[in-house]
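Residue numbers (the working numbering): 850 to 994.
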């Protein structure tokens with residue numbers, strides 16, 4: 850996320866490694882997949898195997914759940930249903946990305962700049978340049994639905 854330091858924190862549950870330790874504290878959702886961040890793991894913990902008790906406890910149930918799911922055989926109908934569900938969830942995520950504010954990722958876009966990019970009004974009132982293309986904001990248009 851920041852351009853001054855290397856990414857050194859992995860987000861859980863998504864597993865993305867995109868922010869330094871300082872920026873990771875500020876983020877509530879992953880910028881890549883927009884999943885709410887439950888916890889973080891530092892690079893030192895990842896590479897050196899240093900774990901605190903809380904992260905170790907949170908990983909044990911997920912490992913047993915994954916093993917139980919792998920032990921249960923699935924029929925071809927269940928597999929196709931699972932694939933269809935995953936495809937629909939991906940499409941829903943893409944639609945959400947198109948209509949939600951790219952800054953806060955919580956509210957719907959209801960303000961558009963002259964460059965054509967949109968944000969929510971709360972975030973749009975605070976920025977001086979477009980967060981997408983970095984052009985200075987001359988005017989903004991509020992969308993009413």
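The beta-carbon is built from N, C-alpha and C at its ideal position, and this holds for glycine as well.
- If you draw a straight line from the Cα of residue 856 to the Cα of residue 894, it is about 14 Å long.
- Contact fails between the segment 946-960 and the segment 924-933, because fewer than three Cβ pairs, one in each stretch, are under 8 Å apart.
- In this structure, residue 959 places its C-beta atom within 9 Å of the C-beta atom of residue 991.
- Residue pairing for residue 980: DSSP places it in no beta bridge.
- The DSSP-derived three-state label of residue 941 is helix.
- DSSP lists 885 as the beta-bridge partner residues of residue 878.
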